[in-house]
């Protein structure tokens, strides 16, 4: 089973970001399903969001970072 996961990961490494993200999520869900009781419940709680939510959050963080850098550059120019 471990070899199958490795081959699967190598195969999907050439796929899009979305495909890669979703395949990792699927692998994580499969891992959670193999656990029992409270470990299983906790594992499922720790799974990340779906790809659309992940990408939206990622874009928001990138925009915030760009805005902070831009503001810092403007503040630096104003001090000169």
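Residue numbers (the working numbering): 49 to 128. A virtual CB, placed ideally from N, CA and C, is assigned to each residue, including glycine. Fair warning: this is a prediction, and the values are worked out from it, not measured in the lab.
Cβ-based neighbour list, residue 70, same chain, cut-off 7 Å, excluding 5 preceding and 5 following: 99
Span of the alpha helix (DSSP H), counted from its first residue to its last, around residue 64: From DSSP, residue 64 is part of no alpha helix (DSSP H); its letter is neither H nor E.
The segment 64-79 in contact with the segment 88-107 per 3-pair CB rule at 8 Å: yes
Secondary structure of residue 98, DSSP reduced to three states: coil
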